[in-house]
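Colleague: Mind having a look at this structure? Questions to follow.
Protein chains: 2
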Amino acid sequence: MTFKLDPRLEADTREVIDIDLSTVRLMNDQRFPWLILVPRFADLVEVTDLSHSDRYRLMDNVACCCSVLQSVFPDTHKINVGALGNMVSQLHVHVIARRTTDAAWPNPVWGVGKSEPYEANALGVVQGRLRAAFSEEQ
Amino acid sequence: MTFKLDPRLEADTREVIDIDLSTVRLMNDQRFPWLILVPRFADLVEVTDLSHSDRYRLMDNVACCCSVLQSVFPDTHKINVGALGNMVSQLHVHVIARRTTDAAWPNPVWGVGKSEPYEANALGVVQGRLRAAFSEEQ
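Each protein sequence line maps, in turn, to chains Y and D. Under the numbering used here, think of the first position of the first sequence as 372, with each following residue one higher. Under the numbering used here, think of the first position of the second sequence as 372, with each following residue one higher.
Shown next as structure tokens:
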């Protein structure tokens, strides 16, 4: 089977970059700097579906996303990392930059309020800054 | 500095076992089979505060908790893994066995309803089964 991004993840997010094991996408919600990593293998559900070495690569990819968010959004107070998959079973990891002033703090972001899509210009700016930061990290 | 478990984590959880890098505790909420891993180092907040090799060990510890939960609770439908830390900054990772019939499904468990502490006997049974499963995993 070939890897194919789940259509619900695709609809909720916008392209950023592919790093090593994972496709990195930006959640289309300007309330939170919120990345989603999707390992590019078919039929993954749990982290334990990855081989040992690929789990380590995923950990590296997550750490890379943490550093990128902290660099692009210096007002980040805390990074939230989560692999839930209750709604979309395709293995994906959320990496979210939290601020103490954001719409959900100190609660988790999932299911809070209504997402606010980026305007086209703002989206392009954020995508550009993220890609530049990933290029520096890699 | 020596490692000391945050008093709020200590109050909300009960002992299970120490594995490799992490202290594993059971959330004292019988609604969800819910483990918390706390790497036994002082002053950790983000996953990226760990060294590269310790991040891999944490990934192994998380995978171990996933396998243990799936073995002890065979009706597990999905494992949720999360490192949030908005309330308690000491680095800790939640590993939660979710069932489609549980009190929060398909939403995340954090902040849902009121926790239901185990009765002493039931707690002892679950702790015993978890410890036996960890011994088999290691």
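Glycine included, each C-beta is placed from N, C-alpha and C at the ideal position.
1. Is the shortest distance between the beta-carbon of T373(Y) and the beta-carbons of chain D less than 8 Å?
2. Rounded to whole angstroms, what's the CA-CA distance from K485(D) to D400(D)? Just pull it up for me.
3. In this structure, what does DSSP give as the bridge partners for A454(D)?
4. Can you tell me whether DSSP reads P378(Y) as helix, strand or coil?
5. Please confirm whether T384(Y) has its beta-carbon closer than 8 Å to some beta-carbon of chain D.
6. Check whether the segment 407-427 of chain D and the segment 399-413 of chain Y touch, using three or more Cβ-Cβ pairs below 8 Å as the test.
7. Excluding the five sequence neighbours on either side, which residues of its own chain have a C-beta within less than 7 Å of the C-beta of I390(Y), listed in chain order?
8. Would the beta-carbon of H463(Y) fall within 8 Å of that of L429(Y)?
9. Is P404(D) buried or exposed, if buried means 16 or more other CB atoms sit within 10 Å of its CB?
10. Any idea what DSSP makes of V496(Y), helix, strand or coil?
11. Between the Cα of I450(Y) and those of L440(Y), V459(Y), E490(Y), spot the shortest distance and give me the residue it belongs to.
12. Since R385(D) contacts Q498(D) with CB under 8 Å, what's their CB separation in whole angstroms?
13. Return the Cβ separation of L392(Y) and Q461(Y) in integer angstroms, given the expectation that the two are a contact with Cβ distance under 8 Å.
14. Would you kindly report the start and end of the unbroken alpha helix (DSSP H) that includes S438(Y)?
15. Below 8 Å on the Cβ atoms is my contact criterion, and I expect P479(Y) with W481(D) to pass it. Report the Cβ-Cβ distance as a whole number of Å.
Modeller: In short, the structure shows the following:
1. Taking the first sequence and counting its residues from 1, one reaches residue 373(Y) at position 2. Cβ-Cβ to chain D under 8 Å: no for T373(Y).
2. Within the second sequence, residue 485(D) is the residue found at index 114, counting from 1. Within the second sequence, residue 400(D) is the residue found at index 29, counting from 1. Their Cα atoms are separated by approximately 9 Å.
3. Here residue 454(D) corresponds to residue number 83 of the second sequence, with the count starting at 1. Answer is V452(Y), bridged to A454(D).
4. If you number the first sequence from 1, residue 378(Y) lands on position 7. In the structure shown, P378(Y) sits in a helix (DSSP, three-state: H, G or I).
5. Stepping through the first sequence from its first residue, residue 384(Y) is reached at position 13. By this cut-off, T384(Y) is not an interface position.
6. no
7. In the first sequence, counting from the first residue as 1, residue 390(Y) sits at position 19. Once the five neighbours on either side are set aside, the close Cβ partners of I390(Y) are N432, C435, F505, Q509.
8. In the first sequence, the residue the question calls residue 463(Y) occupies position 92. In the first sequence, the residue the question calls residue 429(Y) occupies position 58. No, they are not a contact pair.
9. For the purposes of this step, residue 404(D) is taken as residue 33 along the second sequence, with counting starting at 1. With 16 or more other Cβ atoms within 10 Å, it is buried.
10. Here residue 496(Y) refers to the residue found at position 125 when the first sequence is read from its first residue. If DSSP states are grouped into helix, strand and coil, V496(Y) belongs with the helices.
11. Stepping through the first sequence from its first residue, residue 450(Y) is reached at position 79. The residue with the shortest Cα to Cα distance from I450(Y) is L440(Y).
12. Here residue 385(D) corresponds to residue number 14 of the second sequence, with the count starting at 1. Here residue 498(D) corresponds to residue number 127 of the second sequence, with the count starting at 1. Yes, they are in contact, since the Cβ atoms of R385(D) and Q498(D) sit about 7 Å apart, within 8 Å.
13. Residue 392(Y) sits at position 21 when you count from the first residue of the first sequence. Residue 461(Y) sits at position 90 when you count from the first residue of the first sequence. With 8 Å as the limit, L392(Y) and Q461(Y) do not qualify as a contact, their Cβ atoms being about 14 Å apart.
14. As a first step, residue 438(Y) must be located in the first sequence, where it is residue number 67. 423-443 is the extent of the alpha helix (DSSP H) around S438(Y).
15. Taking the first residue of the first sequence as 1, we reach residue 479(Y) at position 108. Taking the first residue of the second sequence as 1, we reach residue 481(D) at position 110. Indeed, because the Cβ distance is near 5 Å, the residues count as touching under 8 Å.
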